[in-house]
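Here's the structure we're looking at; comments come further down.
Numbering (the UniProt record's numbering), first residue to last: 1 to 221.
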């Protein structure tokens, strides 16, 4: 059976099919997520509950043949994708979404998607989430096409910046409305990046969570 693991370093691991375990490490530790295990007809089912935003249930018999897409949004999300690919993760499709065309050239993802070409003309958003949101809205059709056929969509992004903060909620909304199981893996800014960026991250976080079945929240200190 397939294995998916979340590590604090924002890496996914999917070992060989003879394994049959699932683990989730959620940060911060203040009861953001709790895992419950139950046995049903010889299979193992895990449920993760996240602050009332929805339940995720996943059996390994279903996971083995699932179409899984991992989408990195913005600079932080693109970096996470590169680390996952570098770790040798297989069996999933990787997508890198960014407004910055030069950043996408550095991405290891086999499916780069430039958003907001008319709006930003291939440049970044300068840390402005509104531009990130507008860029994603401009490219909604391309994002929806990329997600077609998914069973499970992981969206990873850094909160507090421009493209990640602004575009990730739009990507999540597109995925959720299409009926795909949608999971977010988000990071908060470092404390030294300032209060303004942290407050911006918190505000964007809740707009993103609204469209997620589950969220894994990482605070980096």
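Positions of the beta carbon are idealized from the N, C-alpha and C atoms, including for glycine. It should be emphasised that the depicted structure is a prediction, and the values quoted were computed from it without experimental measurement.
Between residue i and residue j, what straight-line distance do the alpha-carbon atoms span, to the nearest angstrom?
| i | j | result |
| --- | --- | --- |
| residue 158 | residue 178 | 23 Å |
| residue 202 | residue 188 | 8 Å |
| residue 211 | residue 140 | 15 Å |
| residue 65 | residue 196 | 43 Å |
| residue 213 | residue 88 | 26 Å |
| residue 183 | residue 74 | 17 Å |
| residue 125 | residue 131 | 6 Å |
| residue 137 | residue 146 | 14 Å |
| residue 199 | residue 172 | 21 Å |
| residue 176 | residue 106 | 29 Å |
| residue 148 | residue 129 | 26 Å |
Take residue i and list the residues in its own chain whose beta-carbon comes closer than 6 Å to its own, dropping the five residues that flank it on each side.
| i | result |
| --- | --- |
| residue 174 | 143 and 144 |
| residue 108 | 82 and 85 |
| residue 207 | 169 |
| residue 68 | 92 and 152 |
| residue 244 | Nothing in the structure corresponds to residue 244, since the chain is present only between 1 and 221. |
| residue 150 | 67, 69 and 180 |
Who are the Cβ neighbours of residue i in its own chain at under 7 Å, not counting the five residues just before and after it?
| i | result |
| --- | --- |
| residue 112 | 96 and 104 |
| residue 76 | 157, 158, 161, 164 and 187 |
| residue 127 | 161 and 162 |
| residue 78 | 72, 96, 98, 103 and 107 |
Who are the near neighbours of residue i in its chain, counting only those whose CB is closer than 8 Å to its CB and skipping five residues on each side?
| i | result |
| --- | --- |
| residue 133 | 166, 167, 169 and 170 |
| residue 193 | 160 |
| residue 135 | 99, 115, 116, 119, 120, 125, 163, 166 and 167 |
| residue 110 | 93 and 94 |
Is residue j closer than 8 Å to residue i when the C-beta atoms are compared?
| i | j | result |
| --- | --- | --- |
| residue 91 | residue 156 | no |
| residue 181 | residue 153 | yes |
| residue 123 | residue 100 | yes |
Residue i bridges to which residues according to DSSP?
| i | result |
| --- | --- |
| residue 184 | 155 and 215 |
| residue 94 | 70 |
Less than 7 Å between the CB of residue i and some heavy atom of the ligand SAH, yes or no?
| i | result |
| --- | --- |
| residue 104 | With respect to the ligand SAH, the structure offers nothing, as it holds no ligand at all. |
key: Every unbroken beta strand (DSSP E) inside the region 112–175 [3 residues or more]   = Fully enclosed beta strand (DSSP E) runs of 3 or longer: 152–158.
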